[in-house]
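First the structure, in the form of structure tokens, and then the observations on it.
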Amino acid sequence: MSFIKSTFRHPRLPVNDLGLTYRDYEGALSTLCAGCGHDSITSAIIQACHELSIQPSEVAKLSGIGCSSKAPNYFLNKAHGFNSVHGRMPSVATGANLANQDLLYLAMSGDGDSASIGFGQFAHVVRRQLNMVYMVANNGVYGLTKGQLAATADKGVKNKAGDLSLFTDIDLCVMALQLGASFVARSFSGDKQQLVPLLKAAMSHKGFAFIDIVSPCVTFNNHSGSTRSYDYVHDHITTAAVTDFVPVKKEITSSCDSGESEDVCLHDGSIMRIKKLQTDYDCSNASQAIVDIEKHKKAGDILTGLFYLEPTASDFHEINDTNDMPLNKLTQDSLCPGSRVLTGINDSFR
Amino acid sequence: MSFIKSTFRHPRLPVNDLGLTYRDYEGALSTLCAGCGHDSITSAIIQACHELSIQPSEVAKLSGIGCSSKAPNYFLNKAHGFNSVHGRMPSVATGANLANQDLLYLAMSGDGDSASIGFGQFAHVVRRQLNMVYMVANNGVYGLTKGQLAATADKGVKNKAGDLSLFTDIDLCVMALQLGASFVARSFSGDKQQLVPLLKAAMSHKGFAFIDIVSPCVTFNNHSGSTRSYDYVHDHITTAAVTDFVPVKKEITSSCDSGESEDVCLHDGSIMRIKKLQTDYDCSNASQAIVDIEKHKKAGDILTGLFYLEPTASDFHEINDTNDMPLNKLTQDSLCPGSRVLTGINDSFR
Amino acid sequence: MTNAAKNTEIEVNSKITDKLLINEFVVRFANTNGTGSASANNMFAKAILRMGIPVSAKNIFPSNIQGMPTWYEVRISEKNYLGRRGGKSEIIVAMNAQSIDDDIMSVQTGGYLLYDSSRALLDSQIRADINYLGIPISNICLKEYSDPRQRQLFKNVIYVGALAAMLSMDFTLLKGLVRDQFKGKEKLITPNIYALELGYQFANEHFICPLDIRVESRDLVSNRILVDGNTATGLGAVYGGATIVGWYPITPSTSVIEKFASYCQRLRIDPASGKKNYAIVQVEDELAAIGVAIGAGWNGARAFTATSGPGVSLMTEFLGLAYFTEIPMVLVNVQRSGPSTGMPTRTQQSDVLACAYASHGDTKQILLFPDSPGECFEITAQAFDIADQLQTPVIIMSDLDLGMNDHLSEELVWQDSREYQKGKVLSAEQLDEVEVFGRYLDVDDDGICYRTLPGTHPDKGAYFNRGTSRNHFAGYTEKSADYVDNMERLTKKFSTAIHFLPAPEITQSKQTAQLGLIFFGTSSHPITEAIDHLKEHGLTTDTLRIRAFPFHQNIEDFIEEHSLSNKQVFVIEQNRDAQMKSLLVNELQIDPNKLASILSFDGLPVTSQFIVEAILGKLAQRQINKKTG
Amino acid sequence: MTNAAKNTEIEVNSKITDKLLINEFVVRFANTNGTGSASANNMFAKAILRMGIPVSAKNIFPSNIQGMPTWYEVRISEKNYLGRRGGKSEIIVAMNAQSIDDDIMSVQTGGYLLYDSSRALLDSQIRADINYLGIPISNICLKEYSDPRQRQLFKNVIYVGALAAMLSMDFTLLKGLVRDQFKGKEKLITPNIYALELGYQFANEHFICPLDIRVESRDLVSNRILVDGNTATGLGAVYGGATIVGWYPITPSTSVIEKFASYCQRLRIDPASGKKNYAIVQVEDELAAIGVAIGAGWNGARAFTATSGPGVSLMTEFLGLAYFTEIPMVLVNVQRSGPSTGMPTRTQQSDVLACAYASHGDTKQILLFPDSPGECFEITAQAFDIADQLQTPVIIMSDLDLGMNDHLSEELVWQDSREYQKGKVLSAEQLDEVEVFGRYLDVDDDGICYRTLPGTHPDKGAYFNRGTSRNHFAGYTEKSADYVDNMERLTKKFSTAIHFLPAPEITQSKQTAQLGLIFFGTSSHPITEAIDHLKEHGLTTDTLRIRAFPFHQNIEDFIEEHSLSNKQVFVIEQNRDAQMKSLLVNELQIDPNKLASILSFDGLPVTSQFIVEAILGKLAQRQINKKTG
Ligand SMILES: Cc1ncc(C[n+]2csc(CCOP(=O)(O)OP(=O)(O)O)c2C)c(N)n1
Ligand SMILES: Cc1ncc(C[n+]2csc(CCOP(=O)(O)OP(=O)(O)O)c2C)c(N)n1
Ligand code: SF4
Ligand code: SF4
Ligand SMILES: [Mg+2]
Ligand SMILES: [Mg+2]
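Chains as they are written, first to last, in our numbering: chain A, 4 to 353; chain B, 4 to 353; chain C, 25 to 653; chain D, 25 to 653.
Written out as structure tokens, the structure reads:
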């Protein structure tokens, strides 16, 4: 971390369709530890939003509490953010989304925040199919409280203080799959090439999109013996398929080798191009994805990539049959039934 | 419900090894609705405990809040019980078990209690491998608050008030399997023949035993269209295997047809005899169990029976390496290091 | 008197008064819950209403679904005494064998016990000083109906029919009520009327009807309505413009949401698209419920949740967040008897402190105290304005009695000229004009800052909302000066708040009376009656009904005026620990010895009898102390 | 003076006093967190301690892991002033470029700034009235070390070495400290001593050492220890017999559990089996943490949890359950600055009301207020006795300052004759003798009933523990009389409680002094100094330190005695809303106007300077009011 931010702007920084540069997507200066995986996620988010030409002010950033939950402060300065309480971001996100379905909800949580204190809220927001991008920066520890083991830490590993992870670990991707998420992926903060297209696809997806991002904590969980250290992850990462994201406006030019590559059309017309690296890959089968994830885990590997995608999934508002006009934009005219109606209601109480 | 309980005792009521009759295992008079499935669970528990010759006072009964959570008051009058707060029984059970590992912990919860407000606690007590029997009386609704849909209600069904279940339902057996439970079963309150042996096995199992018991709510979820009504369950129940439980002291006499029947030896030496009704049945494969459960669910059926059993599983105390003497029995001698030790400690602060 | 005699003919043992007792008595129904009695009993109450006589009803039900004792107490009072009176009842309809012994004991001397004589009473159940009205209701049903559910249900209708004859109620009117009640289920009308007539005729044939206790039509109700507070609250939220609800069921708050939902289904469907102009989510618990309201409030929609008892405790952390981040939202707390699970189907006003100071750290919350369904409607609608104007949670402190019982209330009023007050929210245009925007800049020096909503402006006004200490520009800070500045501004905002809150309702005699009574919410119901009785004891009384916290200055004035030497201020509340008194003392810096507490906390709505006796007792005690001291 | 000059030679610009300033000053270290400065700074403080001079230390750190400003304030005082003094510091070690501008401003006129002169200061950073001690620490490290981590770490050791020379500290003693600190990691000893010497020599070579501010060995510490409250609390729990912990990490309470765990690892292993005589579970959240403690308490083990801020709010529902079902357990609340997430690494005493009345309904909780590590140890051990004897939760109200800072404290004391008081728990034999057992029968008329543990007796004593209303025999009841009886018994128990709780600590002059100061916990630290200063203003002071809630009678007496016409009682607390005053007023029925509040709530430990100024200010105000009024 350096505490003085350069304000110098290169005159020829590339601009996107909105005429905005990468800088327009940045946030406050990070106060995380130098080398923290979460900062890489931040920069992947910035890149994805820039490349997608998302209007920053049309984004709502949400988080719980933790180092990871501070991250939304470090991207998209022009977007409102809500750093809520520990583990309860999903309910706040629900309320926010119900109030205005027109914004893009980017939520950042940690493994402590989502797999421990927030596990109930996590499970239920998945069920609810809220249209949001739910990212967990998974480092296997509680960074902000100095390194206690998280529930996502692999059984048998030790944290820096030497405490042993004694219990079955929670795999949030498996849980999301089981609970009905329509977009589930895992990635690695150190692998921008994989992460950015996944983020872009998640942002373009309508419905609940979950991305578990392995994000090493350099201060408390980067030692040898950890399965969330940079070294370990680099050595054990495997990918079922490489994904590329083609926004709706761009034409698809690259050729498509039918057997190995698949194009999935997202609800807004953009394309998710999937190049299979493993023969049994099938992103439309949630049960199979769970089996695959666990198979790799048993072998000591971390499977990453897009696990599941239901491109035509519904979101909460479709299910609820909410008016298309965001509820927070409705005026008194359409909300208040007025005195005439009340007269009739009063009569029903006599 | 009748409010005057007969005190008449048949002189020749069968007694068990402790010389106790069925009556010695009863509790207060039920105040649940006549016909409530939960009352059948109560009587199955009474029968199981009686048949196993469990000393009632060696049992601790635990529950959250709900009609189902009242049930512990209706069995084992001589056992202490703890009717805690809504959804938080698992933590209370954890504390209780940590304090005295010598008791048998019988816990009763509801689907509201465990799949909604208590889902986080449920997940984490499973991980913790607490040595307890965790029963959920699953009626798909919140009985005590008059019939709102529970998170276990199948997507698409309606409750009595006509509200539609909109979201992915939570299958607690699948969750327990995923989270590392070492005994997972499903049964039906209306099928004592299946339920009693499962309860007996669960009570004899060391480690976390979960039983999801479909238990119709006659008042709020017994209408046609419900998938938790007596009629629906009777029509759609299927069983993978029939289980029989042979206590440690009894000799096994029935012959054993190797291909179709399997004997699993539990940690206390008692035997769980499993007679397969479906060829692919394998109670040692959790992933397979999940696949089976979901396959049947897609077909509209409710798969019941023993899903998974890890007979040599560890429980929390083994993992923690707790002293065998219950912690609540330790005296000051072994707890207090005394003044001499303190002198040294004081020195370390100078 | 033999049992046989009791079953067929009334023999008047004793009389309450020598005169007729007209329009001023209590009928108490003892039933088993889950048997459909509540709707029959309610029909009885509504018939009284339609006869133009003031009436109120208390449903005293168990925390259980079926098979436990339940009571329904109807007070008929042309004196407009709408609270509970206390003491025994003139008439008891005893339909529950479990509770009949107690029920017999609670008939007033000279009063009547209407009971099911299909089974004979025991000798021990015979009191010489009351009158028995036996009707073989079970036998009648057994004969008349074959379906077991009908045999059960029509029992209740039969005794209502019998009461109609005994009390000389307008039978045509009762039939009209049945027709109204079963509108849309026409098949049910005839059998219900038939059952009414079974009871009516039996009574007329076997007893001297009407009794000396009876009703007579009046015109004393005017445009008042009979409804429960939760219905009015739910409707108030519709009128107040609430669109979003996160909730989790809990008695006695559940029906607030159910009513909101059912009115929304009727009144909030977009005419063009047929889609919903609202969203209600039944979430996983109370933490999530309030989280939803906060998220929506942050995003500019009017949102609320409702809960009771344990739910309030669970919302504590989030209430602190909303206070500190200054997010508008409304919480309806329908109080029940605590602590812990307590008595979930009994009333109390015992969350005053838990709500006023909800959450760790220095927090204070806005509280509103409605006392009638009419006010529930008004105050709920208003609560959304207040929350938006003050940018903070507003807690509506209702209770089980107010929420779930039918009260005779002023009708619900809405002025079409009234406009939603959305407070200080900057539009894109305003943001363009603003030189510097600071979310926590106290521009107007009233402690209330300007806020912005997500998505308003492409470049300006965005900030990171957080529960941590922040400077004027919502930047994270651990600087002591910034922190203190913000905390002091919040204190200032709390003073400003008073201007937005409903003032206390004060009734004051020309010359300050001897007694000053302070109360709030449902504790006000028995006050009129209590004052009349105190007058009989030569005591004059002024009253002050608190409607909001923080407190208006005139509360302090009232206390000062009424705490001179020969005067006394009483604070009446329904809790053990004198919570409102504590709040008054703390916040107004009042000497606690100026306030004498009248505390009723047995879970039943406080009675006028209790209040009068307690006041007389305390005054007598004071006399003694003066003499001896 | 040029920068070059500052870097090599000291040029005394100004002096604090003409005499030498010995053993009575403040050294403040400004660092960046995550750079290992805390342990070097601590070594400095401990060296002072070993020289026999009273010392205390405040670590002022950010809610962040690495790279943000952090300060460490060491107060050296042979007058035994152990609280913060307030005002600027005599010496500042400025190692953080982020904060150096502010740091320079906070040097007292005539004081010293020790800084890293590897980079020249800006002209704007030169104050004419202070003295600059430039050491090119980074350059030295660059030269001496190749490993970047070492270059970082040894910077801190170097300035400690330099201070040793400047302040004339015992260098051998410092070296001894290094040896103690790295016991078991011998490899680290030599390089650390080498770094100390680098600083020591540089200072001796470049400055006139020692300075006019310096230390001299004394024998004023006697057997006192320097330790933080959380360590003492964790150890107190070991001695008090706690075996079970459920917990969830949160600053500043985390180290209570960490210390408990590490002492258990040493002291609680069964000698025969090598197995653990304890169980600690890091659970999923605070609701579960307290649930574990309650389950264990019900089952007869001593159990506790520790938390802060948001955790307290989350535990609210369970605290109500434990109160109502009467289950013993201990909660350690290490308070931090609220509301909401607030300032997680700043101190406050702002959970007083949230804890005293935790939970909805009429609830009251037992609070204990330790003020030193010695008392943390004693009170924590005692808390388990109190909880068992009263069968209710006991909340230990610590705070960040007490819990995480090193305090000079009386040593920890344990009498081996002391026996655990387990309260009224019936054994199987006792149950056999008891005629009727009723869990909620008030046999001894003190509000405390007898309880039984699961598994005690095959036939007797079992009951269903529940948060609902119950009768004497733990049977569910909705009867008003049963409910009221139980609630009143709980009130009685709360009165009984006072006999089990530590009495306030009162210092009272022969003749009642003009001022009565009431305070609790860490607010007591600056009191000795404040009293001395008030004396200089001609004011005599009596003090009362509250140690427990509910309150002892002598608190009321103290207030009465000190609130006569020319006297004044002040309540000093570290929160905005005068929470302790509220509690005193509510519970003792005291006129709030008798208590003047001194409120320090900026997140830093209250200073004597603040207290004295506030008291003088209020007294002056009173004078003016008297004159004009
Ligand atoms: C209710 C509550 N409990 C505990 C805390 C303390 N706390 C802050 S962050 C955190 C854990 C963060 O872990 P994780 O979510 O994994 O985020 P990371 O720092 O590892 O990115 C905890 C326990 C809190 N802020 N609130
Ligand atoms: C914190 C809290 N919230 C809500 C309630 C109200 N409540 C009581 S039981 C219940 C649901 C019970 O449903 P379930 O667990 O399925 O049990 P069932 O009655 O169906 O057997 C609820 C919401 C409560 N007691 N406590
Ligand atoms: S402690 Fe770990 S998670 Fe937190 S900022 Fe540092 S590296 Fe990142
Ligand atoms: S409401 Fe339903 S769950 Fe509750 S007792 Fe009645 S039948 Fe059982
Ligand atoms: Mg983490
Ligand atoms: Mg249920």
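Glycine included, each C-beta is placed from N, C-alpha and C at the ideal position. Given the structure is predicted, the values throughout are model-derived calculations rather than measurements.
Can you tell me which of the three DSSP states residue i falls into?
i                         : result
glutamine 633 of chain D  : helix
valine 595 of chain C     : strand
serine 287 of chain B     : coil
glutamine 359 of chain C  : strand
leucine 222 of chain D    : helix
isoleucine 522 of chain D : helix
aspartate 247 of chain A  : strand
aspartate 336 of chain A  : helix
glutamine 196 of chain B  : helix
lysine 163 of chain B     : coil
So which of the options has the shortest CA-CA distance to residue i?
i                         : options                               : result
histidine 41 of chain B   : B:Phe191, B:Val18, B:Leu167, B:Ile173 : B:Phe191
arginine 130 of chain A   : A:Asp238, A:Thr24, A:Ala316, A:Phe352 : A:Ala316
isoleucine 120 of chain B : C:Ala602, C:Ile274, C:Tyr444          : C:Ile274
Name the two residues that bound the continuous beta strand (DSSP E) containing residue i.
i                         : result
leucine 539 of chain D    : 539 to 544
methionine 138 of chain A : 135 to 141
arginine 490 of chain C   : 488 to 490
asparagine 155 of chain D : 155 to 159
What residue does the alpha helix (DSSP H) around residue i start on, and which one ends it?
i                     : result
valine 128 of chain A : 122 to 130
serine 547 of chain D : Neither: serine 547 of chain D is in no alpha helix (DSSP H) and is coded neither H nor E.
- Item | Chain-ordered residues, beta carbon under 5 angstroms from a heavy atom of ligand 3 | A:Leu35, A:Cys36, A:Cys39, A:Cys70, A:Gly146, A:Cys220, A:Val221, A:Thr222, D:Ile89
- Between the region 623 to 639 of chain D and the region 551 to 558 of chain D, do three or more beta carbon pairs fall short of 8 angstroms? The region 623 to 639 of chain D is in contact with the region 551 to 558 of chain D.
- Task: May I ask you to verify whether the region 264 to 284 of chain C touches the region 297 to 316 of chain C, counting CB pairs closer than 8 angstroms and requiring at least 3?
- Result: With a cut-off of 8 angstroms, the region 297 to 316 of chain C and the region 264 to 284 of chain C count as touching, because enough Cβ pairs lie within range.
- Are three or more beta carbon pairs between the region 231 to 249 of chain D and the region 341 to 356 of chain D nearer than 8 angstroms? Flag = no, the region 231 to 249 of chain D and the region 341 to 356 of chain D do not touch.
- Message: When you compare the region 53 to 69 of chain B with the region 87 to 100 of chain B, are there three or more beta-carbon pairs, one atom per stretch, that lie closer than 8 angstroms?
- Response: yes
- Task: For the region 618 to 626 of chain C and the region 559 to 577 of chain C, state whether three or more C-beta atom pairs, one from each stretch, are separated by less than 8 angstroms.
- Result: no
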